[in-house]
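Visitor:
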Amino acid sequence: MSLPLISVILPIYNIENYLPKCMESLFAQTYRNLEFIMVDDGSSSKCAKLVDDYLKIDDRVVVYHKENGGLSDARNYGIAHAKGEFMTCVDPDDFVDCDYVEYLYEILKKYKKFMNNPKTKRFCRMMIGEKVYGFYRIFAIYFLTHECATLKQWE
């Protein structure tokens, strides 16, 4: 059984000093079926070139260049172009553990059964729905893992 594609959205704006460490941490992910959507939000030519260079490094990288619209606009642009069944956002001035995506996916699989139960379906879709990303996904997983006893009554 193949694993679903997960999109990683990176809103980029003049962060050339931090981007290499971020991308190194993403390329090292233990979960391999990923696409990296880099949205250049009107960066300087130096940063824009660095973003384009990642196209040559890994064929999972997708790059979009757009006029500056701010962080949320860049994220939303990436989300609109994502092909993954699931997605997450990573700020490109951060880096993540090598099992970041795999860990989130395993927890999502573990609690996805609640999405099929009529009594918890609406709650769980809202909390761990396929198009929830970044902080909200992490919060949702945290909430579900710590509220299992309450949700078990509906199993």
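Just so we're aligned, residue 71 is where the sequence shown starts under our numbering, counting upward by one.
The beta carbon of each residue, even a glycine, is placed where N, CA and C say it ideally should be.
1. Could you check the C-alpha separation between Asp110 and Ser72 for me, to the nearest Å?
2. Which whole-angstrom value describes the C-beta separation of Leu104 and Val133, a residue pair presumed to lie in contact below a C-beta threshold of 8 Å?
3. Whole angstroms is fine: what's the gap from Gly112's alpha carbon to Val121's?
4. Going by beta carbon distance, what residues of the same chain come within less than 7 Å of Gly139, once the five residues before and after it are set aside?
5. Which residue or residues does DSSP assign as beta-bridge partners of Tyr134?
6. CA-CA distance, Tyr170 and Glu137?
7. My output table needs one value for Cys159: the three-state DSSP class, helix, strand or coil.
8. If you run the structure through DSSP and keep just helix, strand and coil, what is Ser95?
9. How is Leu80 classed by DSSP in three states: helix, strand or coil?
Guide: Let me lay it out:
1. To locate residue 110, count along the sequence shown from 1; it is residue 40. To locate residue 72, count along the sequence shown from 1; it is residue 2. The straight-line gap from Cα to Cα measures roughly 31 Å.
2. Here residue 104 is taken as the residue at index 34 of the sequence shown, counted from 1. Here residue 133 is taken as the residue at index 63 of the sequence shown, counted from 1. Separation of the CB atoms of Leu104 and Val133 is rounded to 15 Å, and the pair is thereby denied contact status at 8 Å.
3. For this step, residue 112 is matched to residue 42 along the sequence shown. For this step, residue 121 is matched to residue 51 along the sequence shown. Their backbone Cα atoms lie some 12 Å apart in a straight line.
4. By one-based count along the sequence shown, residue 139 stands at place 69. Contacts found: Asp111.
5. What you label residue 134 is simply residue 64 of the sequence shown in a count that begins at 1. According to DSSP, residue pairing for Tyr134 in a beta bridge involves Val109.
6. Position 100 of the sequence shown holds residue 170. Position 67 of the sequence shown holds residue 137. Rounded to the nearest whole angstrom, the CA to CA distance from Tyr170 to Glu137 is 30 Å.
7. Mapped onto the sequence shown, residue 159 falls at position 89. Look at Cys159 here: in three-state DSSP terms it is strand.
8. Counting from one through the sequence shown, the residue named residue 95 turns up at place 25. Helix.
9. Within the sequence shown, the letter at position 10 stands for residue 80. Judged by DSSP in its simplified three-state form, Leu80 adopts strand.
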